[in-house]
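Engineer: Just dropping this structure here.
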Amino acid sequence: MITKVEGFILSTVNYGESSLVINLFTKEYGIIGLMGKGVKSLKNKLHALTQRYTYGFFYIFYKENKLSILKEVDLINPLRHLHEDLFLISYLSYLSDLTNQVFKQSNDSEIYDLFMTTILKMNEGYDPYVLTNILEVKYLKYLGIELRLDCCEECGSKTNIVTIVDGGLVCQNCFRGGSIVSSKTIQMLRLYNLVDIAKITKINFALKDKEAVNLFLEKYYQDYTGLYLKSKDFLTKLKETF
Ligand SMILES: [Zn+2]
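The numbering used here puts the first residue of the sequence shown at 127, with every later residue one more than the last.
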């Protein structure tokens with residue numbers, strides 16, 4: 127029986143001369159492998175619809191724990207803005223890799239909506255730098271290392287917060303040395319954690335504030351997740367070049 131699923135192609139791997147194995151993130155089944163028979167051939171009608179970062183409805187023969195078979199694709203949104211820009215493609219590449227890793231660790235169905243909402247906002251032209259950091263903050267929960275930004279972890283104080291240690295706040299009285307995280311950065315992390323991505327209508331932060339948040343997240347991911355993504359390196363280099 128053919129099943130219709132909503133999904134986004136995270137990556138593809140060549141299979142033989144003319145076929146592709148598609149790593150599809152679906153709303154219904156999580157991340158599944160799809161066999162696209164003959165789709166690598168330019169003459170195949172599904173050729174253009176089986177490229178990386180395609181967002182659509184996929185008609186498949188679903189097979190649990192095996193490769194499903196792709197039959198047909200209907201585009202939902204061509205994500206034209208994203209596909210036309212090298213910078214944005216690099217963001218897509220990084221977010222696809224990251225999402226693949228996060229989903230492997232948690233299998234939570236909320237991840238799909240978070241991911242797709244972020245991609246669609248990015249395609250609408252909202253700041254990819256901030257959207258990426260927002261998604262990174264929200265993913266921490268699924269990696270088991272959510273930031274705890276309500277009050278000092280030791281004494282419960284909500285005032286005179288000076289830094290974040292191991293993902294939790296520390297106040298002036300309980301501070302025993304170490305690096306400081308600015309109150310602006312803490313405030314932005316809190317906002318990123320709470321904001322409903324679908325409801326964002328304006329993003330307007332100073333570059334230095336965005337960079338401070340990004341730096342914090344980079345280090346936090348490095349220290350606590352053990353994830354290493356080549357696409358992140360590429361994105362960082364690209365940012366430095368331009
Ligand atoms: Zn304290």
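The beta carbon of each residue, even a glycine, is placed where N, CA and C say it ideally should be.
The beta strand (DSSP E) spanning residue 136 covers which residue range?
Structural biologist: Where residue 136 is concerned, the enclosing beta strand (DSSP E) stretches over 128-141.
Engineer: Using the Cα positions of residue 362 and residue 223, report the straight-line distance between them to the nearest angstrom.
Structural biologist: Taking the straight line joining both Cα atoms gives about 15 Å.
Engineer: In its own chain, which residues sit with a C-beta less than 6 Å from the C-beta of residue 249, not counting the 5 before and 5 after it?
Structural biologist: For residue 249, where only same-chain residues beyond five positions count, the Cβ hits under 6 Å are 205, 207, 208.
Engineer: Should the segment 322-329 be regarded as contacting the segment 231-247, the criterion being three or more beta carbon pairs within less than 8 Å?
Structural biologist: The segment 322-329, when compared against the segment 231-247, does touch it at the 8 Å Cβ threshold.
Engineer: Whole angstroms are fine: how far does the CA of residue 165 sit from the CA of residue 139?
Structural biologist: Distance between the alpha carbons of residue 139 and residue 165: 12 Å.
Engineer: Could you round the C-beta distance between residue 161 and residue 193 to whole angstroms and report it? I think they count as a contact, below 8 Å.
Structural biologist: Right, their Cβ atoms sit about 5 Å apart.
Engineer: Report the rounded CA-to-CA distance for residue 181 versus residue 255, giving the unit in angstroms.
Structural biologist: Looking at the two C-alpha atoms, the distance is approximately 21 Å.
Engineer: Count the other CB atoms, across all protein chains shown, that sit within 10 Å of the CB of residue 330; report buried if there are 16 or more and exposed otherwise.
Structural biologist: Exposed, by the Cβ-count rule.
Engineer: If I measure Cβ to Cβ from residue 279 and keep anything under 7 Å in the same chain, skipping five residues before and after, which residues do I get?
Structural biologist: So the list reads 294, 295, 296, once near-sequence residues are dropped.
Engineer: Taking 7 Å as the cut-off, is the CB of residue 283 close to at least one heavy atom of ligand 1?
Structural biologist: For ligand 1, at least one heavy atom lies less than 7 Å from the Cβ of residue 283.
Engineer: Starting from residue 232, trace the alpha helix (DSSP H) in both directions and tell me its first and last residue.
Structural biologist: Unbroken alpha helix (DSSP H) run through residue 232: 212-232.
Engineer: Can you list, in chain order, the residues of its chain with a C-beta nearer than 7 Å to that of residue 247? Leave out the 5 residues immediately preceding and following it.
Structural biologist: The answer, listed in chain order, is 257, 323, 326.
Engineer: What I want to know is whether the C-beta of residue 369 ends up closer than 7 Å to one or more non-hydrogen atoms of ligand 1.
Structural biologist: Residue 369 is absent from the model: the chain starts at 127 and stops at 368.
Engineer: Which first and last residues belong to the alpha helix (DSSP H) in which residue 366 is found?
Structural biologist: Note, residue 366: alpha helix (DSSP H), 356-367.
Engineer: Going along the chain, which residues of its own chain have a beta-carbon closer than 6 Å to the beta-carbon of residue 201, five neighbours each way excluded?
Structural biologist: Answer for residue 201: 182, listed in chain order.
Engineer: Can you tell me whether residue 219 is buried or exposed, with buried defined as 16 or more other CB within 10 angstroms of its CB?
Structural biologist: Counting Cβ neighbours within 10 Å, residue 219 comes out buried, since at least 16 surround it.
Engineer: Do you know how far the Cα of residue 154 is from the Cα of residue 343?
Structural biologist: When rounded, the distance between both Cα atoms is 30 Å.
Engineer: Measure the alpha-carbon distance for residue 133 versus residue 152 and round it to whole angstroms.
Structural biologist: Going by the C-alpha atoms only, they are around 4 Å apart.
Engineer: Looking at C-alpha atoms only, which residue of 334, 328, 348 is the closest neighbour of residue 252?
Structural biologist: Considering only alpha carbons, the answer is 328.
Engineer: Kindly indicate the opening and closing residues of the alpha helix (DSSP H) around residue 301.
Structural biologist: Run containing residue 301: none; DSSP gives neither H nor E here.
Engineer: Tell me the rounded alpha-carbon separation between residue 189 and residue 143.
Structural biologist: Using only the alpha carbons, I get a separation of about 24 Å.
Engineer: Between which two residues does the alpha helix (DSSP H) harbouring residue 334 extend?
Structural biologist: Run containing residue 334: 333-350, per the alpha helix (DSSP H) assignment.
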